[in-house]
Each structure stands twice: as C-alpha cells, then as structure tokens.
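Some notes on the structure that comes next.
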Amino acid sequence: MLAALKDEIKQLLVSELDLRSKQPADIDEAAPLFGAGLGLDSLDALQLAMLVEERFGVTVPEGDAGREAFASVNALAAFVMRAREG
Amino acid sequence: MRLASSQRIAITGLGMVSALGVGARPGFARLCAGESGLRPLTLFDSSALQGHLAAEVRDLPSMPADFDRTDFLAWLAAREALSEAKWAPSAPGLGLALGGTTAGMFETENELEGAGASAALGRARRLLTHPLSSVERRLSATLGPFACAVSVCSACSSGAAAIVLGAHWLASGKAQAVLAGGADGLCRMTFAGFSALGLVDPEPCRPFDVRRRGLTLGEGAGFLLLELESSARERAAPVLGWLSGWALGAEAHHVTQPEASGTRAARLMLEAIERAGLGIDDIDYVNAHGTGTPANDAMEAAALSRVFGVRGDGVRISSSKAQLGHTLGAAGAIEAVITSLSLEAGAAPPSLGLEQPEVSALRYVGSRAEACPLRAALSNSFGFGGLDAVLLFEAPSAARRRLPAARQGSLVVSSAALVGPRLAVGRACLDELTGVPTAPPLAPDPFESLDAGRSRRFDRATGLATQAAEAALVAARLPAAEVGLVLGSAYGAVERSLRFLDRLIQRGLRAALPAEFPHLVASAAAGNLSLYLGVTGPALAVSASGLSAEASLATAAALVELGLCGSALAGAIEAHDSVVQSLAPAFLSAEAAPRSEGGGFIVVERDAVAAARGLRPLARIVAVEEHRSGLRPQSLALGPPLDESRALLVLAQGADAILARLGASPWTRVRRQRVLEHRGYFEAVGLHAIALGALLVAEGVPDLLVLTAEADVLFAVRLSAIESP
C-alpha cells in the first residue's frame, strides 16, 4: 500500500509539476524534492500542497512540519499515510 | 532612424478611473483625504477564498453592451485625458500606447461559466476575440483613428512601459501627441491566481508595514496625454507637469520573487534621474510600487535605501495601493497620474495604515497626506518576471535645462534566427524561404536544445522563441546581459489559460494552480526568456494580432533609440495551440494559406554597437512605419526605390490588399518575393518576412521594402545595404 502511494506521488510530481524530462521511475524516493534533488522550488511547494490536498484529502501544514512532509517522496508518502490514519 | 527631438515632454491631460471613482482630480482628492476603495468584492463570487477584499470600481456609468469591463475603464480614463487636454476628437497625429494584462478576461470567464462543458471550444472562442490588443481595437474604434497604436505588457509595470513608448513616439516624430496609459479590470484568473500564490492579505493591504501579509487586488485605468513642449505651446494647452525621465529593465532573477537586494531596481531609479538631468537631491517624492507583499516591499525598501540612503533629510515615500489596490497592468499608469497630480498640488499622498514601517530609516508618508512643495518625483513599477519600470515627473513650474544628448546613429539588423519547420540561422533561412514551396510541417521539439531544468515550465511557444533568441544572440556574437527583448504574440498562451480557467470554473477559485498562474500573463514568455537568457535590459511583450512581429520590431527599435539598451532582440512567436488551431478556420485570418506555426528573432542595434564587436550587420533599417486608415503622404519607407531594377518588395500577409493600396507606386513594378507560400500563415509570419528582407540585403539587394497588412493597418519596413567600410 505504501509502495502504491509512492508510485501515485511520483506520477503526480511528473504530470502536474512539468517535470518534462523525467519518468516516474527516474525519481529517487529518498532524494530531496526541493533544491539539489528533484530541483523543485517555492512555486512547486505551493502547487504540490494544493494537489496533495485535492488528491489525498490531506492538508500539508505551513512551516517546519510542512518542510518535513516535503523532504522526499518517502517522507511525503509517510506523511499522507499518517494523516489518513490519524 | 534618429530621434528628431530632445524637447521636454509635457503632460497636458490626465484621466483616471479607480476604486475612488471616475475622474482623476476627484480620485486624487479622495486619496489625499485618506479614503479607502477596499471593500468586499461584488463582481463575482469569491467566498471560497480567504481574502475577499478588492478595490473594485463601483457606480460606473452604464456601459455600452459590446464593451468589456476593461474596455470601458480604459475608455472613460482616455476620454477624460483627451478632454482635459482639449485635444480635438479625431485630430491627426495622436498615438495610443496601452498597457494591460488581462483585457476582457472577466467576460470570458462569465461565458465559460455560463456555458455547458459540451461546448468546450465554442466557449473558448472569446479567448481569441479578447486578446491583449482588444482594448486598443476598442479605443481605436471609439476614440481614433490613431496615427499609431500598440498594446504592451510587462506584467505589473505595463502601464509605465506604455508611457515610455509614448515618450519615444514624441521624440521620434511618430506622433504629435500620445495617449499613454494602462487598464485592467478585476477577473477570477488574477484574483484566484494571486491568492493561490499566497500573496493576498486577508486584511486591507498595508504596504511597507511590518504587519503586511500581501496585496489587495484592484482595477482601473489611467491615461496621460503627452506632447512635446512646442506642441503644447502651439495649442495653448496648459502644461500640468513634465515627463522628464524613465528607465526600463529586467532583474533576470525569478518569475515571482523579486531580487532581494534591490540592486537592479536601485540602478533603474538612478538611470531615470540621470536621464532627466537631475540628481538624487532634486527628488522630493517617490510613489512606490509598494504592493504590500513581504518580498516586494522588502526589495523596494532596500532599493530606496540604496538610492536615497545617503540623503540626510530623506525623500517622502508612499504607496497608493492601500487605497486603490494593486491594479496590475493599470498600476503604473494610475500611479503616474497620481504622481503628477502630487507635484501639481504640492501634496504627497498617504500610505493608509502604515503605522510600523519595517525600515525606520526611510521617510514614509503615513496615513495622512503631507502638504509640501514638490519639484520632482519618481513612480516605481515592478512586475512578475522581474520586469521593472521607473518614471520621473516634474512639477509644471520646473525650469528648462539642458538634457543629456541622445545617442545618434542608425539602426541595423545584425542577425536573424527563425523557427518554422526547423531552427534556421542566417543564410540557412534563405533556402527555406526562397526554395520550392512545400507544405509547412510543424516545428520540431521546442525544447530540444534547451536546459531542461530552466525551461521546465515553458510552453511550446516559449520553448521555440527561446531557441530562436539564443541562436540570434550567438549569430550576432552578442552577450545576453543588458540587451533589450521584445516578443510579439497575437493570442498568448490560449490552451494553457483555458486549462487554468476550466479548473476554476469546475472546482472553484481555490483550485487555481499557483505554479501555472505566473505563466499566463501576456508578458510571461518575454519574462521567461529574459530569465533563461539572463537579459537585464528592458523586456516587453506586444500584441497586435497578425502584425505582432512588426509591432515587436517597432518597439525594439524604440528601446534602442531611447538609449535604454544598445542592442535589442525583436521577435514574435505563434506556436501550435490546440484551441487556436481548432477555432482558426472559423473566424481568424482570411488568408488562404494553410495555418502553420513559427516565429523567430532578429537582433536590432545601433550601427556603432555592432561595429564595436567587429560585426558586419545584415542590413540597415531605413524606416519602420505604421500606416493606419490610409498611407501617409510623407512616408520615408514608401518613398521611391533608388533603382527599380535592383530593388525588391517582400510581401507577407495581406499581399493583395497591399498591392491594391500601393496604386501606381514604383514599388509595384519591382521584383517581388512572397513569404506565405513558403511558410503558410501564422500571426508571427511577418518576422520571417523581415528576416528574409535583411538576409536578401546581405546577399546584395541594395534597397528592399517589407510590407504586411491586416485590416486597416499596414506596416512598412525599409531596409538598405550596409555601406562597405
């Protein structure tokens, strides 16, 4: 179930954040989403928060907790799982 | 092409419509009295959003049924400026320079909302019938005819950029007077877009205050009637103030984040002061951009500290946006009106709600206007993509003084790069444009040679334009920094805009995609190009339907002639867009040629600038002229060819109509080259005609005329050979 969620997140990243040159399978699940890793920026953070809310019904908080959730695909999947269970 | 005049530019008429009412002087009085135009929005349902305040124009007189809201705001303000200047209706020699960002978007949204999902494309047709240039067409039809007209966009500095272009038309003799300004009506797209970016303050905005959380959107229009001092004196028109300085430039930093140090903005303020022949001690007031967003105001305060920090007494600074909201493409023009009225009245208007300035060293005007004699003032405007503009105005009583001499020299075309079936540079373009015509296929991968990371959010048009711009710079051996950039496009990102709007209509205003929104403004492609290439000169978009390439060349030439940059990229693009494609046969161009896509860039510069790099240009630009409702008799471009046997006429769209209009001109007897049969038709095809002309001149044609026409407008570009050194 976690693996399926990660795949869904990777699919979402590629299709909704204009990662034209990437395939979902190219994305390193442990690599940082922002800055050096996937190269996302502050605009992507806003867009991703909104898409995660739309797709998974989970609100990503602002500040440190949000930054933690957006650390990597792994972190985001774990955050969504926890938020759904909680 | 030379600037004919270094005379002062007089303001003889002002017009303004804002949330503080219709009329410039009543609006200014209410502004100084501390009234706010910010109230809950009524124009459309914004209950889904946290911030629902807006500076909406209320109590508008009744609007003609075929007008869009933005048309009407523009028309009211333009008419007021003309009437104050006592400019006789339809007197010849009047130009229209108009800035804006969304034109008739509100009505388009209404139509999309009203129709069912079944008629998707039918609903989208309004996106094509209200391109950025639609407001210009409306004003041309109701207040014209104009001698020349352009619709310009540099996001939130559009209105100021239009005023700078107006200054050029006066100095170059293109117009005797110019109606220059901007207009933008409120719409869901901008309201939801800024909100998605987290840039909207849920409370009334408080520019420069430590408690500020964002902007409040507004709407309105502002116009100045500008003319040379000699014209104002001849007409015995009262001079309300002077437009004495200006600067345009790009930050090349980020699409939505301003460059935090304020270095570029500070440099532009100093350039505007220098251009006016003044020093920082002569400036008594700054009407700041001051949107109320944390990032803009911090950047602007840093820039103001850099420029005026050395002055012990400080310069008075205020932002009018706490009362008028951020009127986007109109802001630069509305605030120009306010700045000149401040000088006339001797009153610095307030910054309503500014109680705890973040930077205490700056001398902000607080919630009460300050009466004091003001000699000269700046008006700042900064837009998405880092597109910045600064205007400098002086009080009516300002003494005449010697102005810095304009740089002289003629303009040349230094290189050409076209995208069509493929990317072609220089001579390679000739084979495609003069060989045996073939059916034009679509262009190749628009991102092929681009850096994937930096072009990630580019659409097809931006990708194609970037490839061409990069190639044109390389061919001209020109570094990107400090060049100017103008990109013409008839419709902008239609498919992308429709996708964004569809989400809003179907899921509500909260569904606006924050990363998409900054890429929908008409200047997005120009801004993205400037970011990608690192261009820090002026960067603008122009929109003139099928003559967008020609308008782009005229605008780029203006930037160079004004000395705002030594070299400029002039380009145009119209890429394959599924919405445009499917609607095109129904009501777009009447051209019989098959619809295709393409565009390109040429480098335009002063001959001395090309010579300094040891570059032999392709062609000299003798004249770029716009003829509306008939050909002007004393036209330089349409003057007889030097040698009929060797001259060449290049025709793009409207060829048959052009030949009919030329009558018995000797140009009807010279050899002809047509472009559409090689390229098919797209709105930027004129760029191919101009590039072809320059390349043929480089191949030995001594005298060449490029003509393109659409409806009642004809563009003439006359090129001649570069003399041997």
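From first to last, the protein sequence lines are chains A and B. For the first sequence, the positions run 974 to 1059 when our numbering is used. For the second sequence, the positions run 163 to 887 when our numbering is used. For every residue, glycine included, the Cβ atom is placed at its ideal position computed from N, Cα and C.
Amino acids of chain B, ordered along the chain, whose beta-carbon sits closer than 8 Å to that of residue i
| i | result |
| --- | --- |
| A:R1040 | Those do not exist, as A:R1040 stays about 15 Å from chain B at its closest Cβ, beyond 8 Å. |
| A:L1019 | A358, L359, G360, P676 and A677 |
Proximal chain A residues relative to residue i, where beta-carbon distance stays under 9 Å
| i | result |
| --- | --- |
| B:F609 | R993 and S994 |
Cβ neighbour criterion (16 or more within 10 Å) applied to residue i
| i | result |
| --- | --- |
| B:S280 | Unreliable positioning characterises B:S280 in this predicted model, as indicated by a pLDDT of 47, which lies under 50. The coordinate reading is nonetheless provided below. Classification of B:S280: exposed, given that the 10 Å Cβ count is below 16. |
| B:A614 | exposed |
| A:T1032 | exposed |
| B:V179 | buried |
| B:V636 | exposed |
| B:S617 | buried |
| B:L882 | Note on residue identity: the sequence assigns Ser, not Leu, to residue 882 of chain B. Flag for B:S882 reads buried. |
| B:P700 | buried |
| B:E885 | exposed |
| B:G382 | buried |
| B:S209 | exposed |
| A:F1052 | buried |
| B:Q815 | buried |
| B:L745 | buried |
| B:D230 | buried |
| B:L691 | buried |
| A:L975 | exposed |
| B:L804 | exposed |
| B:C534 | exposed |
C-beta contact flag for residue i and residue j at 7 Å
| i | j | result |
| --- | --- | --- |
| B:A317 | B:L486 | no |
| B:T264 | B:D346 | yes |
| B:A846 | B:A754 | no |
| B:L554 | B:A438 | yes |
| B:V648 | B:L724 | no |
| B:I852 | B:V879 | yes |
| B:H488 | B:G328 | no |
| A:Q1020 | B:L675 | yes |
| B:A579 | B:A634 | yes |
| B:T698 | B:A412 | yes |
| B:G855 | B:E712 | no |
| B:L585 | B:V448 | no |
| B:S319 | B:A561 | no |
| B:L211 | B:L595 | no |
| B:E298 | B:L244 | no |
| B:R891 | B:G476 | This structure cannot speak to residue 891 of chain B, because chain B is shown only from 163 to 887. |
| B:S543 | B:G494 | yes |
| B:G403 | B:E506 | yes |
Residues that DSSP places opposite residue i in a beta bridge
| i | result |
| --- | --- |
| B:N542 | B:V552 |
| B:W331 | B:W331 pairs with nothing; no bridge assigned. |
| B:P202 | B:L215 |
| B:P519 | B:D371 |
| B:S882 | B:R782 and B:D865 |
| B:R757 | B:Y843 |
| B:D346 | B:G382 |
| B:Y526 | B:I479 |
| B:F877 | B:E788 and B:T870 |
| B:C534 | Paired residue(s): none; B:C534 is not in a bridge. |
| B:E736 | B:G760 |
Partner residues on chain A for residue i, Cβ-Cβ distance less than 8 Å
| i | result |
| --- | --- |
| B:A687 | By Cβ distance, chain A contributes nothing, its closest Cβ being about 15 Å from B:A687, past 8 Å. |
Whole-number beta carbon distance between residue j and residue i, since they are thought to touch under 8 Å
| i | j | result |
| --- | --- | --- |
| B:F844 | B:G762 | With a Cβ gap of about 11 Å, B:F844 and B:G762 do not count as contacting. |
| B:R374 | B:G454 | 5 Å |
| B:A510 | B:R473 | Going by Cβ atoms, the distance from B:A510 to B:R473 rounds to 16 Å, so no, they are not a contact pair. |
| B:I173 | B:L386 | 5 Å |
| B:C310 | B:G343 | Actually they are not in contact, since the Cβ atoms of B:C310 and B:G343 sit about 15 Å apart, beyond 8 Å. |
| B:A627 | B:A655 | Contact doesn't hold; Cβ gap of about 12 Å is too wide. |
| B:G689 | B:F546 | 6 Å |
| B:V786 | B:A716 | 5 Å |
Contact list for residue i against chain B, beta-carbon separation under 7 Å
| i | result |
| --- | --- |
| A:L1006 | Per Cβ cutoff of 7 Å: no residues; A:L1006 is ~14 Å from chain B at best. |
| A:G1012 | G615 |
Neighbouring residues, chain A, relative to residue i (Cβ below 7 Å)
| i | result |
| --- | --- |
| B:T418 | L1016 |
| B:R619 | D991 |
Beta-carbon neighbours of residue i, restricted to chain B and to distances below 9 Å
| i | result |
| --- | --- |
| A:M1023 | A358, R672, A673, A674, L675 and P676 |
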